[in-house]
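Numbering (the numbering used here), first residue to last: 592 to 658.
For each residue, glycine too, the CB sits at the ideal point set by N, CA and C.
Being a predicted model, the structure only gives us computed values, none of them experimental.
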(Lines of atoms letter the chains of each structure in order from A and count residues from 1; the text may use other names and numbers.)
(Lines give C-alpha, C1' and ligand atoms only; values in the text may rest on other atoms or scores of the structure.)
Protein backbone atom coordinates (compact mmCIF):
# COMPACT_ATOMS: atom_id res chain seq x y z
CA UNK A 1 0.00 0.00 0.00
CA UNK A 2 1.27 3.48 -0.87
CA UNK A 3 1.80 6.15 1.71
CA UNK A 4 1.23 9.87 1.30
CA UNK A 5 4.89 10.80 0.81
CA UNK A 6 5.33 8.26 -2.02
CA UNK A 7 2.27 9.62 -3.81
CA UNK A 8 3.39 13.21 -3.29
CA UNK A 9 6.87 12.44 -4.62
CA UNK A 10 5.41 10.91 -7.77
CA UNK A 11 3.16 13.89 -8.50
CA UNK A 12 5.36 16.91 -7.80
CA UNK A 13 8.86 18.33 -8.03
CA UNK A 14 10.01 21.15 -5.75
CA UNK A 15 12.95 23.22 -6.98
CA UNK A 16 14.64 26.53 -6.32
CA UNK A 17 13.00 29.06 -8.64
CA UNK A 18 16.32 29.89 -10.27
CA UNK A 19 16.69 26.28 -11.46
CA UNK A 20 13.64 26.69 -13.70
CA UNK A 21 14.59 30.09 -15.14
CA UNK A 22 14.42 30.04 -18.92
CA UNK A 23 12.98 26.51 -19.01
CA UNK A 24 9.37 26.99 -17.94
CA UNK A 25 7.99 27.65 -21.43
CA UNK A 26 9.86 24.67 -22.88
CA UNK A 27 8.72 22.48 -20.01
CA UNK A 28 5.14 23.55 -20.67
CA UNK A 29 5.51 22.55 -24.33
CA UNK A 30 6.86 19.09 -23.44
CA UNK A 31 4.73 18.19 -20.41
CA UNK A 32 1.24 18.77 -19.08
CA UNK A 33 2.15 20.17 -15.66
CA UNK A 34 1.34 23.18 -13.54
CA UNK A 35 4.10 25.36 -12.09
CA UNK A 36 3.44 27.27 -8.88
CA UNK A 37 5.75 29.84 -7.34
CA UNK A 38 6.18 29.50 -3.59
CA UNK A 39 7.64 32.61 -2.07
CA UNK A 40 10.65 34.17 -3.73
CA UNK A 41 12.89 31.15 -3.87
CA UNK A 42 10.93 27.96 -4.63
CA UNK A 43 8.64 26.58 -7.28
CA UNK A 44 6.49 23.46 -7.34
CA UNK A 45 5.82 21.48 -10.51
CA UNK A 46 2.65 19.40 -10.19
CA UNK A 47 1.25 16.78 -12.54
CA UNK A 48 0.36 13.14 -13.00
CA UNK A 49 3.06 10.56 -12.21
CA UNK A 50 3.67 10.05 -15.94
CA UNK A 51 4.01 13.79 -16.58
CA UNK A 52 6.25 14.28 -13.53
CA UNK A 53 8.55 11.54 -14.81
CA UNK A 54 8.63 13.24 -18.22
CA UNK A 55 9.31 16.61 -16.56
CA UNK A 56 12.07 15.10 -14.44
CA UNK A 57 13.73 13.63 -17.53
CA UNK A 58 13.40 16.96 -19.37
CA UNK A 59 14.95 18.87 -16.47
CA UNK A 60 17.79 16.35 -16.13
CA UNK A 61 18.61 16.75 -19.85
CA UNK A 62 18.88 20.49 -19.19
CA UNK A 63 21.22 20.09 -16.23
CA UNK A 64 18.67 20.50 -13.41
CA UNK A 65 19.14 18.05 -10.53
CA UNK A 66 15.69 17.06 -9.28
CA UNK A 67 16.78 14.71 -6.50
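With a beta-carbon spacing of about 6 angstroms, residue 637 and residue 602 fall inside the 8 angstroms limit used to define contacts.
In the same chain as residue 625, and ignoring 5 residues on each side of it, the C-beta atoms closer than 8 angstroms to its own belong to 636, 637 and 638, in chain order. Around the beta carbon of residue 616, fewer than 16 other beta carbons sit within 10 angstroms, so the residue counts as exposed. The DSSP assignment places 615 to 621 and 640 to 652 as complete runs of the alpha helix (DSSP H) inside the segment 612 to 657, in order along the chain (cut-off: 4 residues). Between residue 622 and residue 646, the CB-CB gap stays under 7 angstroms.
The Cβ atoms of residue 607 and residue 632 sit closer than 7 angstroms to each other.
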